[in-house]
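259 is the number of the first residue of the sequence shown in the working numbering; add one for each residue after it. Note that the Cβ used here is the ideal one computed from N, Cα and C, for glycine as well. From a predicted model like this one, the values you see are computed outputs, not experimental measurements.
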Amino acid sequence: MSHHDPARATSRPAAAPDGAPALPDGCTFADLGPDDLRDVLELDTWAFPSPVEVDDLVALPSPLTWSRTVGVVRDVEDGDAEPVDGAVPVRRELVGLHASYPFARFPVPGATTPVAGLTWVGVHPAHRRRGLLTAMMHRHLADCRERGEAVSALFAAEAPIYGRFGYGRAADDLRVAVPRGARLRDVPGAERHTVRIERADRARHGDLVASLHERAGADPTGRAGDVPLNRPGWATRETPELQASYWGDPPAFRRGQESMRIAVVELDGEPRGYARFRRTLSWEPTGPRGTVSTGEVVALDAAAARALWGVLTDLDLSHEVTPFMIPVDDALTQLLVDPRAATPRLADNVWIRVVDVAAALSARRYAADVDVVLHVTDPSLPDNAGHWRLRAEAFGQARAERTDDAADLSLDVRELGAAYLGGVTLAALAVGGFVAEHTPGALARASAAFSWPVAPMCSWVF
259 MSHHDPARAT SRPAAAPDGA PALPDGCTFA DLGPDDLRDV LELDTWAFPS PVEVDDLVAL
319 PSPLTWSRTV GVVRDVEDGD AEPVDGAVPV RRELVGLHAS YPFARFPVPG ATTPVAGLTW
379 VGVHPAHRRR GLLTAMMHRH LADCRERGEA VSALFAAEAP IYGRFGYGRA ADDLRVAVPR
439 GARLRDVPGA ERHTVRIERA DRARHGDLVA SLHERAGADP TGRAGDVPLN RPGWATRETP
499 ELQASYWGDP PAFRRGQESM RIAVVELDGE PRGYARFRRT LSWEPTGPRG TVSTGEVVAL
559 DAAAARALWG VLTDLDLSHE VTPFMIPVDD ALTQLLVDPR AATPRLADNV WIRVVDVAAA
619 LSARRYAADV DVVLHVTDPS LPDNAGHWRL RAEAFGQARA ERTDDAADLS LDVRELGAAY
679 LGGVTLAALA VGGFVAEHTP GALARASAAF SWPVAPMCSW VF
């Protein structure tokens with residue numbers, strides 16, 4: 259990084275007031291900014307090996323929100339610099355990094371709430387096993403509390419890591435490989451839709467994609483009734499940096515595929531869905547063999563989904579369509595006449611960390627009436643520990659508050675995060691031995707209330 263500038267270092271002490279683990283000697287937290295981009299990318303390519311050179315990465319739009327980007331730095335002697343008054347100058351070396359995205363309206367069951375999207379967590383391989391990650395995670399949780407974000411969410415590069423910091427696997431997504439020409443069930447009204455296929459362009463398609471994406475997450479059933487059946491976890495790209503990064507299409511990241519295309523499904527000229535995709539083509543002895551690799555596939559209702567998938571599964575010179583990830587209850591799972599032929603498999607999607615139990619439980623809605631006392635353990639955030647009474651009417655306002663009443667259920671904050679979006683039931687966690695029932699019937703009632711009719715998922719990796 260640049261030569262040492264005391265003004266750039268954060269005033270936060272290495273050890274948080276609640277006794278959080280300290281950084282190693284010689285390391286401090288430092289706020290990062292746009293001038294640090296090259297060093298951030300250099301560290302990122304050490305933490306996550308990349309075939310793309312830093313010189314090429316610097317030219318791409320960065321998704322980071324710099325006001326939420328924090329480094330771990332240390333001072334080292336700069337042997338390449340000229341001595342000053344006989345002393346060897348020092349430079350600041352970036353050895354760790356974490357950031358978060360400000361999701362002001364992150365979907366939770368029946369509502370939205372501010373959530374910190376943890377991202378870009380990395381440690382230089384020469385500084386592993388020294389407590390940097392633990393210190394950064396405690397710093398992140400403290401920052402969430404200061405900003406009033408009761409929940410943190412992430413995609414886990416390595417699944418075993420984040421459970422020990424209180425994150426629970428809250429959503430899965432579906433990966434499939436749909437053969438070309440796969441038979442799809444008919445849906446009334448699908449034949450009235452048209453699909454246009456174009457090169458993806460932000461100026462032309464940016465507003466369309468943003469609007470359709472948000473509408474699809476508001477109620478994937480297409481019903482739009484009085485009961486709010488949104489898709490929990492369906493984060494939108496809320497910042498200009500995320501939008502710019504999403505629409506970037508650098509050749510270095512195409513992996514031999516074509517530039518980005520988009521299929522837009524319309525009804526009487528009104529957009530009803532879209533799919534971004536790329537194709538590859540190879541010529542085999544038996545003929546052409548191509549793959550259609552999609553990013554987001556979004557439709558506002560079943561008829562639009564049928565029209566869109568009908569086109570995607572019948573593109574010339576292709577033999578299969580491979581969506582990056584779709585919800586486990588996506589329309590495609592019902593449309594396929596032979597779902598086995600798509601070789602479905604599950605992958606973990608969003609992980610959730612409850613940072614403030616009372617605020618988080620009060621922010622969401624519940625699918626059934628509930629009055630339950632939860633005993634929560636939380637080694638990292640002791641303020642979360644204790645007994646909490648949750649009261650709510652089905653799909654109505656909820657209230658959670660501390661209580662001295664006896665607990666009906668006991669669970670760790672990790673399991674509370676896993677159940678928070680409604681895709682993992684408390685009963686399933688109890689089967690695994692991670693939720694204990696103290697009042698007969700409490701588990702069944704609470705499990706029904708915490709569940710949600712629409713499967714949670716985020717359609718893009720943050």
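{"Query": "Pick from Val379, Leu470, Gln501 and Ala707 that is closest to phenylalanine 306, judged by C-alpha positions", "Result": "Val379"}
{"Query": "Backbone secondary structure at tryptophan 492 - three-state DSSP", "Result": "coil"}
{"Query": "Residue from Asp670, Phe653, Ala677 and Val630 whose Cα sits closest to the Cα of glutamate 659", "Result": "Val630"}
{"Query": "CB of threonine 497 within 8 Å of CB of tyrosine 359, strictly", "Result": "yes"}
{"Query": "Cβ-Cβ separation, leucine 566 to alanine 239 (assumed contact under 8 Å), whole Å", "Result": "Any property of residue 239 remains undetermined from this structure, which presents the chain solely from 259 to 720."}
{"Query": "Helix, strand or coil at alanine 482 according to DSSP, with G and I counted as helix", "Result": "coil"}
{"Query": "Opening and closing residue of the alpha helix (DSSP H) in which aspartate 313 lies", "Result": "312-316"}
{"Query": "Uninterrupted beta strand (DSSP E) stretches inside the region 325-380 (no shorter than 3 residues)", "Result": "327-335 and 348-366"}
{"Query": "Pairwise C-alpha distance: aspartate 289 and histidine 577", "Result": "49 Å"}
{"Query": "Cβ neighbours of leucine 466 in the same chain (closer than 6 Å, five flanking residues each side left out)", "Result": "Pro529"}
{"Query": "7 Å Cβ shell around glutamate 300 - same chain, five flanking residues per side excluded", "Result": "Val312"}
{"Query": "Residues of its chain near aspartate 343, where Cβ-Cβ distance is below 7 Å and the 5 sequence neighbours each way are ignored", "Result": "none"}
{"Query": "Whole beta strand (DSSP E) elements within the region 512-561, 3-residue minimum", "Result": "519-525, 528-542 and 545-557"}
{"Query": "Spatial distance of glycine 421 from threonine 571 (CA atoms)", "Result": "38 Å"}
{"Query": "Close Cβ partners of threonine 371 (< 7 Å) along its chain, the five nearest in sequence each way excluded", "Result": "Phe364, Ala408, Val409 and Ala621"}
{"Query": "3-residue-minimum beta strand (DSSP E) runs that sit fully inside the region 630-685, ordered along the chain", "Result": "644-650, 656-660 and 667-670"}
{"Query": "Own chain residues within Cβ distance below 7 Å of histidine 451, not counting five before or after", "Result": "Val523, Glu524, Leu525, Arg530, Ala561, Ala562 and Ala565"}
{"Query": "Rounded C-alpha distance that separates serine 705 from leucine 684", "Result": "5 Å"}
{"Query": "Whole runs of the beta strand (DSSP E) within the region 418-489, excluding any shorter than 3 residues", "Result": "430-433 and 451-457"}
{"Query": "Residue nearest to proline 292 in terms of C-alpha spacing, selected from Arg647, Ser325, Phe511 and Pro383", "Result": "Ser325"}
{"Query": "Arginine 427 versus alanine 476: straight-line alpha-carbon distance, rounded", "Result": "22 Å"}
{"Query": "Spatial neighbours of valine 712 in its chain, beta-carbon cut-off 6 Å, leaving aside the 5 residues before and after", "Result": "Pro478, Leu487 and Arg489"}
{"Query": "Residue nearest to aspartate 559 in terms of C-alpha spacing, selected from Leu669, His471, Met395 and Arg547", "Result": "His471"}
{"Query": "DSSP-derived helix/strand/coil call for proline 309", "Result": "coil"}
{"Query": "Selection from Gln515, Leu500, Val628 and Pro597 that minimises the alpha carbon distance to glycine 375", "Result": "Leu500"}
{"Query": "Residue range of the unbroken beta strand (DSSP E) whose run includes threonine 392", "Result": "Per DSSP, threonine 392 belongs to no beta strand (DSSP E); it is in the alpha helix (DSSP H), 390-405."}
{"Query": "Cβ pair glutamate 651, aspartate 627 closer than 8 Å", "Result": "yes"}
{"Query": "Inter-residue CB distance, valine 693 and leucine 701 (contact presumed, cutoff 8 Å)", "Result": "7 Å"}
{"Query": "Cβ neighbours of glutamate 516 in the same chain (closer than 6 Å, five flanking residues each side left out)", "Result": "Arg536 and Arg537"}
{"Query": "Three CB pairs or more closer than 8 Å across the region 328-337 and the region 382-397", "Result": "yes"}
{"Query": "Endpoints, the alpha helix (DSSP H) within which valine 615 is located", "Result": "615-621"}
{"Query": "Closest Cα partner of asparagine 607 within the set Asp596, Ala599, Thr635 and Val682", "Result": "Val682"}
{"Query": "Where valine 503 falls: helix, strand or coil (DSSP)", "Result": "It is serine, not valine, that sits at residue 503 in the sequence shown. Correct three-state label for serine 503: helix."}
{"Query": "Where glutamate 578 sits in the DSSP three-state scheme", "Result": "strand"}
{"Query": "Between the CA atoms of aspartate 430 and threonine 323 - distance to the nearest angstrom", "Result": "27 Å"}
{"Query": "Sub-8 Å separation of leucine 593 and arginine 443 beta-carbons", "Result": "yes"}
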